[in-house]
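K.L.:
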Amino acid sequence: MANCCNTCTNTQNTIHTKSDFQNKLAQSLFYFSIILYLIALSGDFGIFNFHLNAPILYSFYLFCYFALGYEILKKALIGFYKREFFNENSLMALASIGAWAISQGAEAVAILLFYRIGEALEDLVIEKSKKSIRTLASIKIEQAHLFKNEKIENIDPKNIQEGDILIIFAGERIPADGIIIKGEGSIDNSALNGESLPQNVKVGDSLFSGSINLDSILHLKATKSYENSTFSKIIKLIEEGSAQKSRSEEFITKFARYYTPIVTLLAFGIILFPTLYFWAFGQMELIEALKIWLYRGIIFLVVSCPCALVISIPLTFFASLGKASKEGILIKGSSYIEALKDANAIIFDKTGTLTKGKLIIKKINSYKNYDEKFILKIAQLLESHSNHPIAKAIMNCNNEINLQEDLKKLSNLKESSGGGVSAMFENKAIALGNARFIQSLTKQNLPKDSSLKCQIFIAYDGETIGDIILEDAIKNEAKEAIEKLKREHLEEIYILSGDKESVVQEVAQSLGIKHFFASLLPNDKVNHLKTILQTQNQKNKKVIFVGDGINDAPSLALCDIGIAMGKTGSDVALEGADIVIMNDDLRKIPKVLQIAKKTRQILWQNIFLALGVKIGIMILGAFGATNLWIALFGDVGVALLALLNAIRAIR
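Residue numbers (the working numbering): 4 to 654.
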């Protein structure tokens, strides 16, 4: 419980500057003192019929006292010199000196011994809580392999510039964001997004820095410098998030600042006023009264330190940030974990958030006597040279069509600014495009469905032979995520989208979302968001906005809590949002709400545990109904129980 109260918040940042020899010497002295103390206790209480005379006994206690308490006493003296009277070192020093004053050498040593044991155990607990965050934050990419002038040169990753060609060998971590220009293999992204399964990659795929190349040699063209890469930004966010305090943490720091001097003065009051009262009215001798009430004051002093709260509350938030990072969720500070508990409404952007943001073929409608396979073949011939999203959807359609021979028969391929493409195939005119474009070629009226977002028509030999309906498919996990959000008591779920009402309505109905607004311009989105925010804030509730982090910057900034899908690694996603879901899995949103809920439960458990036990022991101690050993448990024991409870947040 090092440096508690005013200084214990620095426990997690202690820098050990001692040499290895000094550390080993201090450790040996610590263990030797414990053994000597146990021998002294045996001699003091006649355990195993072993007895020590008073001079030897107290010399043992005195040696153990200074061996165990040297650092504590030194820090207490420094604190007094700096007029920092109310920290745990001062409390322990005063309590142990008071125990000596009433000839309680065993208790005097016990105060410092249990303090030291508690300090060591707390360090272990804190270290365990840090591992999940430190595992990612401590990852360092020592060197990169630059391919230049047909040679491989080892360079510092910080010198990587956009456009550099990098060689990534098997087992190495990718030093900068880039695109594969040669090679294929498997990538481990677990450090970035929590996904345990390897991802297969090939030429043209984008890779993020921090991932591990598992089994091949990859040639990568850097799209960002090392400093601007996804991994560097994530590390920066983790460091900033760990440093940012929640309102609870700030409150407990202020609480300790006032609580500690108050209970210290109360302890002195317990010693002074009853002693004077019983002596003044002749009920006790001064020394006898002083001895009784000094002991009770020491009990009060020992148990009064708020370490259990001052350390466990920040540790709970720290452990929660660690748990979230293991799940591939980056939270930019404990204040957002705290804010999630008040969330009552959640707003989703549709495209790229609830949907995949990528068109797929929903249905092929055939006119006349042409089958779907023939219609798709004509469409693929016309789109084979295009990179348009519609072209990609048509070309990616799972089918057994072999275009190699047919492409040789394709000629006079033309793309029209009117919304289509035409060509000649086997001396027949073929075309693909929107209704207006196809009607201009065939002079036929088309059965256009205005409710559809994307419907394209296919013409062959002067007549329309069919149409292809495309849609932005709903993410596989979206329905499950929405159901889980409802179970987390989010009362109002909205969709705000610029798409047609029929398209948005279909998505909303599929996911069981009652509230949606469609055909919105960017300003309309912001206005709707402001209305929802105003309604919820009047109820002292928070609003969450979830977007893809690319087109939602105003909404992410305006909302109480902005959550961005960060798989793209976009700057807006990493910098503009409060929480980033690194693998775009919508199920991580109810997961982060569960983490926030568990964090809150642990916080209140620790508050009731610490204050309840301490106040109880303080009252019992003031009335002489307990002893110093129980008080030691009330300080060290309760602090350890609170810390062990705090790290449950990481499980």
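C-beta: ideal position from N, C-alpha, C; glycine also.
With distances taken Cα to Cα, identify the nearest neighbour of F69 among A57, I42 and A111.
P.N.:
A111
K.L.:
Under 8 Å between the Cβ atoms of T226 and I170?
P.N.:
No.
K.L.:
Can you give the Cα-Cα distance for N648 and I605, rounded to whole angstroms?
P.N.:
7 Å
K.L.:
State the Cα-Cα distance for the pair K417 and D470, rounded to the nearest angstrom.
P.N.:
One Cα belongs to K417, the other to D470, and the distance between them is close to 20 Å.
K.L.:
Just to check my reading of the structure: F172 and I220 have Cβ atoms closer than 8 Å, yes? What is that Cβ distance to the nearest angstrom?
P.N.:
The C-beta distance from F172 to I220 rounds to 6 Å, short enough to fall under 8 Å.
K.L.:
Helix, strand or coil for V583, going by three-state DSSP, please let me know.
P.N.:
strand
K.L.:
Does the structure place the stretch 561 to 571 close enough to the stretch 580 to 592 that three or more beta carbon pairs sit under 8 Å?
P.N.:
Under the Cβ criterion (8 Å, minimum of three pairs), the stretch 580 to 592 counts as touching the stretch 561 to 571.
K.L.:
Determine the DSSP secondary structure at F519, reduced to helix, strand or coil.
P.N.:
In the three-state scheme derived from DSSP, where H, G and I count as helix and E and B as strand, F519 is classed as strand.
K.L.:
Once the 5 residues before and after E230 are set aside, which same chain residues still bring their CB inside 8 Å of it?
P.N.:
K161
K.L.:
Check this for me: beta carbons of I468 and Y373, under 8 Å apart or not?
P.N.:
yes
K.L.:
In or out: T20 buried (at least 16 other Cβ within 10 Å) or exposed?
P.N.:
Reliability of the predicted coordinates at T20 is poor, the pLDDT of 43 falling under 50, and no value is obtained from them.
K.L.:
Counting only the same chain and skipping the five closest in sequence on each side, list residues whose C-beta sits under 7 Å from that of A123.
P.N.:
Exclusion of the five residues before and after A123 leaves no residue of its chain whose Cβ lies closer than 7 Å to its Cβ.
K.L.:
Would you mind working out which of L223, A96, Y61 and F63 sits nearest K78, comparing C-alpha positions?
P.N.:
Here the closest residue by C-alpha is A96.
K.L.:
Quick one, are the C-beta atoms of L71 and L115 less than 8 Å apart?
P.N.:
yes
K.L.:
I'd like the list of long-range same chain contacts for I177, defined as Cβ closer than 6 Å, with 5 residues on each side in sequence excluded.
P.N.:
I171, L210, S212 and S214
K.L.:
Mind checking who I168 pairs with in its DSSP beta bridge?
P.N.:
K224
K.L.:
By how many angstroms is the C-alpha of S505 removed from the C-alpha of C562?
P.N.:
27 Å
K.L.:
So the candidates are K431, G465 and M427; which of them puts its Cα closest to the Cα of I441?
P.N.:
Check the Cα spacing between I441 and each of K431, G465 and M427: the tightest is with G465.
K.L.:
Take the Cβ of G166 as the centre, count every other Cβ of all protein chains shown within 10 Å, and call the residue buried at 16 or more, exposed below.
P.N.:
exposed
K.L.:
Nearest-angstrom Cα distance between I350 and L493?
P.N.:
11 Å
K.L.:
Does the contact criterion of 3 or more C-beta pairs under 8 Å hold for the stretch 296 to 303 versus the stretch 264 to 274?
P.N.:
yes
K.L.:
Could you check how far apart the C-beta atoms of E495 and C308 are, in whole angstroms? I think they sit under 8 Å.
P.N.:
The pair is not a contact, with the Cβ atoms about 44 Å apart (cut-off 8 Å).
K.L.:
How close, in whole Å, do the beta carbons of A292 and W282 come, if the pair is a contact with beta carbons under 8 Å?
P.N.:
5 Å
K.L.:
For the alpha helix (DSSP H) holding L75, just list the boundary residues, first then last.
P.N.:
Before going further, note that residue 75 is Ile rather than Leu in the sequence given. A57 to Y84 is the span of the alpha helix (DSSP H), which, as asked, contains I75.
K.L.:
Within a Cβ cutoff of 8 Å, which residues of the same chain sit near L596, ignoring the five residues on either side of it in sequence?
P.N.:
L343, A346, L488, E491 and L493
K.L.:
Looking only at its own chain, which residues have a Cβ that is under 7 Å from the Cβ of A560, when we skip the five neighbours before and after it?
P.N.:
G579
K.L.:
Quick one: residues in its chain with C-beta nearer than 8 Å to the C-beta of V641, no 5 flanking neighbours on either side, listed in chain order?
P.N.:
These residues qualify, in order along the chain: A311, L612, A613, V616 and K617.
K.L.:
Name the two residues that bound the continuous beta strand (DSSP E) containing A426.
P.N.:
G423 to F428
K.L.:
Looking at I472 and K335, is the spacing between their C-beta atoms short of 8 Å?
P.N.:
no
K.L.:
What does DSSP give as the partner residue(s) for T467 in the beta ladder?
P.N.:
A462
K.L.:
Are F519 and V507 close, meaning C-beta to C-beta below 8 Å?
P.N.:
yes
K.L.:
With a floor of 3 residues, list each beta strand (DSSP E) that falls wholly inside the stretch 298 to 380, ordered by position along the chain.
P.N.:
Taking only runs of at least 3 residues, the beta strand (DSSP E) segments lying wholly in the stretch 298 to 380 are 332 to 334, 346 to 352 and 358 to 369.
K.L.:
I'd like the list of long-range same chain contacts for L406, defined as Cβ closer than 7 Å, with 5 residues on each side in sequence excluded.
P.N.:
Q383, L384 and S387
K.L.:
When every heavy atom of the ligand COA is checked, does at least one fall within less than 7 Å of the C-beta of G46?
P.N.:
Summarising the ligand content, the structure contains no ligands, and the ligand COA is consequently not present.
K.L.:
So A645 packs on A322, CB below 8 Å; how close in whole Å?
P.N.:
Not confirmed; about 12 Å, so no contact.
K.L.:
Suppose the cutoff is 7 Å on Cβ atoms and the five residues either side in sequence are ignored; what does the same chain contact list for A634 look like?
P.N.:
I302, V305, V306, I620 and G624
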